[in-house]
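Student: Under our numbering, residues 131 to 732 are what the sequence shown spells out, in order. C-beta atoms are modelled at their ideal positions from N, C-alpha and C, and glycine is treated no differently. Dumping the structure here so I can ask a few things about it.
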Amino acid sequence: MNVTNAFDFLGYTEKDFDKGLNALQLLIPGDRDRASENIQKILSGERVDDTEFTALRKDGSAFAIAVHANPIVHEDRATGLRGIIIDLTEHKRAEEDLHREREKFRLLVEKSPLGVCLIGKDGYYNYINPRFIEMFGYTLKDIHKGREWFKKAFPDPEYRKQVISAWIRDLADLKDDESRPRTFNVRCKDGTEKVICFLPATMASGDQFMLTQDITEQTRLEIQLRQAQKMEAIGTLAGGIAHDFNNILSAIMGYTELSMLEIPDQSFIVDNLNEILKASHRAKDMVRQILAFSRQDKQERIPIQLIPIVKEALKMLRGSLPTTIEISQHIDNGKGIVEADVTQIHQVLMNLSTNAAHTMREKGGILDISLTDVDVTVGEAARHADLRQGPYVRLTVSDTGEGIAKEVMERIFEPYFTTKEKGVGTGMGLAVVHGIVKDHRGAITLESKPGKGSTFNVYIPRIEKGVTPEHEATEIFPTGRERILFVDDEQVLVEIGKQMLERLGYEVTTRTSSIEALELFRVKPYQFDLVITDMTMPNMTGDKLAKEIMGIRADIPIVLCTGYSERIGRESAEKMGIRGFVMKPLSMNGLANAIRNGIDKG
131 MNVTNAFDFL
141 GYTEKDFDKG
151 LNALQLLIPG
161 DRDRASENIQ
171 KILSGERVDD
181 TEFTALRKDG
191 SAFAIAVHAN
201 PIVHEDRATG
211 LRGIIIDLTE
221 HKRAEEDLHR
231 EREKFRLLVE
241 KSPLGVCLIG
251 KDGYYNYINP
261 RFIEMFGYTL
271 KDIHKGREWF
281 KKAFPDPEYR
291 KQVISAWIRD
301 LADLKDDESR
311 PRTFNVRCKD
321 GTEKVICFLP
331 ATMASGDQFM
341 LTQDITEQTR
351 LEIQLRQAQK
361 MEAIGTLAGG
371 IAHDFNNILS
381 AIMGYTELSM
391 LEIPDQSFIV
401 DNLNEILKAS
411 HRAKDMVRQI
421 LAFSRQDKQE
431 RIPIQLIPIV
441 KEALKMLRGS
451 LPTTIEISQH
461 IDNGKGIVEA
471 DVTQIHQVLM
481 NLSTNAAHTM
491 REKGGILDIS
501 LTDVDVTVGE
511 AARHADLRQG
521 PYVRLTVSDT
531 GEGIAKEVME
541 RIFEPYFTTK
551 EKGVGTGMGL
561 AVVHGIVKDH
571 RGAITLESKP
581 GKGSTFNVYI
591 PRIEKGVTPE
601 HEATEIFPTG
611 RERILFVDDE
621 QVLVEIGKQM
631 LERLGYEVTT
641 RTSSIEALEL
651 FRVKPYQFDL
661 VITDMTMPNM
671 TGDKLAKEIM
681 GIRADIPIVL
691 CTGYSERIGR
701 ESAEKMGIRG
711 FVMKPLSMNG
721 LANAIRNGID
731 KG
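Listed below in structure tokens is the structure:
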């Protein structure tokens, strides 16, 4: 065997071969049979493509080689082989590095939280990662032809034109290593719509690389945040309106009550004044609804009968619904007493009725509202997750509208879910209803079929307690002869308050400034037996005035009046040592009882 310098990198010399070492022994044992077969093939004139082996150096270390051999022909007969051995160590290392990089890229792409797709110059999709499939529901086979997929993803032709135009413009304008995210609404394979952020880039080959991110939830949360900020602003505005409106109502109701005390009961004027009071109470309830809506009014649950609430709501509905919608009512004569917040129950009925009317806005129809006492059996309760066996009052709102599809019914009570066109609804109406009903330990059920209308059943637990009585304006109020300091920044309320209190027998001193009232009390702390103060006043609020006054004289009874306040409620006022808490608009009954409770408690 002739050995050239090619064998030097193996660590062998010619002497090693002279001692009987042959070429096959230069390979690891596992490769020797294959190499022997290749030698025979080459000697017989066959072509051999399998040329890579693992060689052994003299020191026992293994490394990759490539062998390219040709037969040595003598007198038309192959007498040996002539070959070249190439050390593949660096080549293999480079291959391994490349493989690792490819594997790393594969893992990054396949495990990426972003959708990834590669689009050829011909517009065909050549690759999409698992997240892309999960995001849209389409496989590579479904969307291989990009144009066909665009028709499915953007079914509205006009919107599709806008998307394609923006995409083409971006790709043409983008420089190397530059990207420009775009957000579009995309129809998925299952029919749902998602808000997707697309980030396109053009590669050196001319192919396009696209990243996609599902920002549906993020967008929803941003809308929710904006809605919350809007509601906060509305709440602040509502508070201001409530304060001013309650002051106006205090004057109207106060002077009406005083007038009724001066007129004989038989006079027809009493009936007229009673109507003014009724209208004022309705206005008072409207203020409560505004505050409840803005989440700034603490809800008060008392035993109430639902019949008058339903009838009152029906009056409001008749004035607001189109004449094409007929209202039908079926109200049983049962007691129908529940422990609930009047404003919230009113809101439930109005929201359900408004939604029902919306489904009949084009063709008209019948809005049916019924109220009945029911006893839910074990079997009936088992069919509804929130319903329990026992006595309930059932409020039913039915319509003859277009009905609700099954897939919509499954999401109907979700916040911000709406089937109304953009700008018509917030998607909060039924979510609010569901929340109120659950908060009252009740249940709400829905029955509907497309084209057959819908029926909502609201179940509120029935109780046996009596209804909380309402005081009439003509009743006899508790009186007294104590000295009272009355403080309010509204002159008209100071005047009406003074007249009311004097009519009740009290000696009254008034101030329209909390600062002046404090100075007066500081000079003459024992001239007064009780202080009545408004909450919302400039320079010094009512709670701060109360604190200052009690700092001067700890035993002085204080009654706090408010129509709206984020700063203080009944419980926190009592913790401060305030003995009475009266909600505006003020009434003689409310003031009379608060005064006696405040003084007599001491």
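Could you have a look at Asp427 and say whether DSSP puts it in helix, strand or coil?
Tutor: Along the sequence shown, read from residue 1 onward, the residue named residue 427 stands at position 297. The predicted position of Asp427 is uncertain, since its pLDDT is 48 and thus under 50; a value taken from the coordinates is nonetheless stated next. Correct three-state label for Asp427: coil.
Student: Would you list the residues sitting across from His204 in a DSSP beta bridge?
Tutor: Locating residue 204 in the sequence shown gives position 74, counting from the first residue. The partner list for His204 (beta bridge, DSSP) reads Arg207.
Student: Helix, strand or coil, according to DSSP, for Asp180 in the structure here?
Tutor: Locating residue 180 in the sequence shown gives position 50, counting from the first residue. Coil.
Student: Among the residues of its own chain, which have a CB less than 6 Å from the CB of Glu620, if the five just before and after it don't count?
Tutor: Looking up residue 620 in the sequence shown gives position 490. So the qualifying residues of the chain are Asn377.
Student: Pop quiz: Ile725 and Leu660 are said to be a contact at Cβ under 8 Å. What is the actual Cβ separation, rounded to whole angstroms?
Tutor: Locating residue 725 in the sequence shown gives position 595, counting from the first residue. Locating residue 660 in the sequence shown gives position 530, counting from the first residue. So it is a contact: roughly 6 Å between Cβ atoms.
Student: Taking the alpha helix (DSSP H) that Leu623 belongs to, which residues open and close that run?
Tutor: Mapped onto the sequence shown, residue 623 falls at position 493. Segment Gln621 to Arg633, the alpha helix (DSSP H) holding Leu623.
Student: So, helix, strand or coil for Lys493, using DSSP?
Tutor: As a position in the sequence shown, residue 493 is number 363, starting the count at 1. Lys493: coil per DSSP, three-state reduction.
Student: Determine the direct distance from the alpha carbon of Gly610 to that of Val638, and round the result to whole angstroms.
Tutor: Indexing the sequence shown from 1 puts residue 638 at position 508. Indexing the sequence shown from 1 puts residue 610 at position 480. Looking at the two C-alpha atoms, the distance is approximately 12 Å.
Student: Compare the Cα-Cα distances from His221 to each of Glu537, Met265, Leu623 and Ala194 and report the closest residue.
Tutor: As a first step, residue 221 is located in the sequence shown; it is residue number 91 there, counting from the start. It is Ala194 whose Cα lies nearest to the Cα of His221.
Student: Does the beta-carbon of Gly720 have 16 or more other beta-carbons within 10 angstroms, so that it is buried, or is it exposed?
Tutor: Locating residue 720 in the sequence shown gives position 590, counting from the first residue. Classification for Gly720: buried.
Student: Figure out for me which residue from His514, Ser584, Leu151 and Val506 has the closest Cα to the Cα of Ala535.
Tutor: By 1-based counting over the sequence shown, the position of residue 535 is 405. Looking at the Cα atoms, Ser584 is the closest of the given residues.
Student: Give every residue of the same chain whose Cβ lies closer than 7 Å to the Cβ of Met383, excluding the five residues on either side of it in the sequence, and list them in chain order.
Tutor: Numbered from its first residue, the sequence shown carries residue 383 at position 253. So the list reads Leu407, Ser410, Pro715 and Ser717, once near-sequence residues are dropped.
Student: If I measure Cβ to Cβ from Gly321 and keep anything under 7 Å in the same chain, skipping five residues before and after, which residues do I get?
Tutor: The residue labelled residue 321 in the question sits at position 191 within the sequence shown. So the list is empty, once near-sequence residues are dropped.
Student: Between the C-alpha atoms of Tyr385 and Ile434, what's the straight-line distance to the nearest angstrom?
Tutor: Position 255 of the sequence shown, counted from the start, is the residue given in the question as residue 385. Position 304 of the sequence shown, counted from the start, is the residue given in the question as residue 434. Computed Cα separation, rounded: 28 Å.
Student: Quick one: what's got a C-beta closer than 7 Å to Cys318's C-beta in the same chain, skipping five residues either side?
Tutor: Here the question's residue 318 lines up with position 188 in the sequence shown. Once the five neighbours on either side are set aside, the close Cβ partners of Cys318 are Phe266, Gly267 and Lys324.
Student: So, helix, strand or coil for Asp503, using DSSP?
Tutor: In the sequence shown, the residue the question calls residue 503 occupies position 373. Residue state, collapsed to three classes: strand.
Student: May I have the straight-line CA-CA distance separating Glu279 from Lys360, to the nearest angstrom?
Tutor: Here residue 279 refers to the residue found at position 149 when the sequence shown is read from its first residue. Here residue 360 refers to the residue found at position 230 when the sequence shown is read from its first residue. Looking at the sequence provided, one finds Trp at residue 279 rather than Glu. So the alpha carbons of these two residues sit roughly 38 Å apart.
Student: May I ask which residues mark the beginning and end of the alpha helix (DSSP H) holding Gly710?
Tutor: Locating residue 710 in the sequence shown gives position 580, counting from the first residue. Where Gly710 is concerned, there is no enclosing alpha helix (DSSP H), although the beta strand (DSSP E) it sits in stretches over Gly710 to Met713.
Student: List the endpoints of the continuous beta strand (DSSP E) containing Ala738.
Tutor: In the structure as shown, the chain begins at 131 and stops at 732. Residue 738 is therefore absent and cannot be evaluated.
Student: Closest by CA to Asp334, which one among Ile249, Glu264 and Val562?
Tutor: Position 204 of the sequence shown, counting from 1, holds the residue named residue 334. For clarity, residue 334 is Ala in the given sequence; the question names Asp instead. The shortest C-alpha separation from Ala334 is found at Ile249.
Student: Please state whether DSSP places Gly449 in a helix, a strand or coil.
Tutor: Mapped onto the sequence shown, residue 449 falls at position 319. Correct three-state label for Gly449: helix.
Student: Please tell me whether Asn485 and Leu560 are closer than 8 Å, where the distance is taken between their beta carbons.
Tutor: Position 355 of the sequence shown, counting from 1, holds the residue named residue 485. Position 430 of the sequence shown, counting from 1, holds the residue named residue 560. Cβ atoms of Asn485 and Leu560: closer than 8 Å.
Student: Pick out whichever of Ala684, Arg518, Val538 and Arg524 has its Cα sitting closest to the Cα of Lys465.
Tutor: Within the sequence shown, numbered from 1, the residue matching residue 465 stands at position 335. The shortest Cα separation from Lys465 among Ala684, Arg518, Val538 and Arg524 belongs to Arg524.
Student: Verify whether the separation of the beta carbon atoms of Leu157 and Thr181 is less than 8 Å.
Tutor: Start at 1 with the first residue of the sequence shown, and residue 157 comes out as number 27. Start at 1 with the first residue of the sequence shown, and residue 181 comes out as number 51. Not closer than 8 Å, so no.
Student: Do you know offhand how far Arg236's Cα is from Pro243's?
Tutor: Counting from one through the sequence shown, the residue named residue 236 turns up at place 106. Counting from one through the sequence shown, the residue named residue 243 turns up at place 113. Approximately 13 Å, taken between the alpha carbons.
Student: First and last residue of the alpha helix (DSSP H) that includes Thr219?
Tutor: The residue labelled residue 219 in the question sits at position 89 within the sequence shown. Counting along the chain, the unbroken alpha helix (DSSP H) around Thr219 starts and ends at Thr219 to Glu240.
Student: By the DSSP assignment, the alpha helix (DSSP H) with Asp163 in it spans what residues?
Tutor: On the sequence shown, residue 163 is found 33 positions in, with the first residue counted as 1. First-last of the alpha helix (DSSP H) with Asp163: Pro159 to Leu173.
Student: Suppose the cutoff is 8 Å on Cβ atoms and the five residues either side in sequence are ignored; what does the same chain contact list for Asp503 look like?
Tutor: Here residue 503 corresponds to residue number 373 of the sequence shown, with the count starting at 1. Closer than 8 Å at Cβ, skipping near neighbours: Asp462, Gly464, Lys465, Gly466, Pro521, Tyr522, Val523, Arg524 and Arg592.
Student: With 16 other CB atoms within 10 Å as the buried threshold, where does Lys414 fall?
Tutor: Position 284 of the sequence shown, counted from the start, is the residue given in the question as residue 414. Answer is buried; the Cβ neighbour count reaches 16.
Student: Using only alpha-carbon positions, find the residue among Thr663, Arg412 and Leu650 that is nearest to Pro78.
Tutor: Since the first residue shown for the chain is 131 and the last is 732, residue 78 is missing from the structure and cannot be characterised.
Student: Which full runs of the alpha helix (DSSP H) of 4+ residues lie inside the stretch 661-723, going along the chain?
Tutor: 672-682 and 700-706
Student: Taking the C-alpha atoms as reference points, what is the distance between Gly160 and Ile258?
Tutor: Mapped onto the sequence shown, residue 160 falls at position 30. Mapped onto the sequence shown, residue 258 falls at position 128. Each residue's alpha carbon lies about 41 Å from the other.
Student: Locate the beta strand (DSSP E) running through Ala470, then write down its first and last residues.
Tutor: For the purposes of this step, residue 470 is taken as residue 340 along the sequence shown, with counting starting at 1. Where Ala470 is concerned, the enclosing beta strand (DSSP E) stretches over Ile467 to Ala470.
Student: Within 8 Å, do at least three Cβ pairs link the stretch 504-515 to the stretch 475-492?
Tutor: Because the criterion of three Cβ pairs below 8 Å is not met, the stretch 475-492 and the stretch 504-515 do not touch.
Student: When the distance is taken between beta carbons, is Gly245 closer than 8 Å to Val277?
Tutor: To locate residue 277, count along the sequence shown from 1; it is residue 147. To locate residue 245, count along the sequence shown from 1; it is residue 115. Here residue 277 is Arg; the residue named in the question, Val, does not match the sequence. No, the Cβ-Cβ distance between Arg277 and Gly245 is not below 8 Å.
Student: Short check: CB of Ile614 to CB of Phe658, under 8 Å?
Tutor: Position 484 of the sequence shown, counting from 1, holds the residue named residue 614. Position 528 of the sequence shown, counting from 1, holds the residue named residue 658. Their beta carbons are under 8 Å apart, which means Ile614 touches Phe658 by this criterion.
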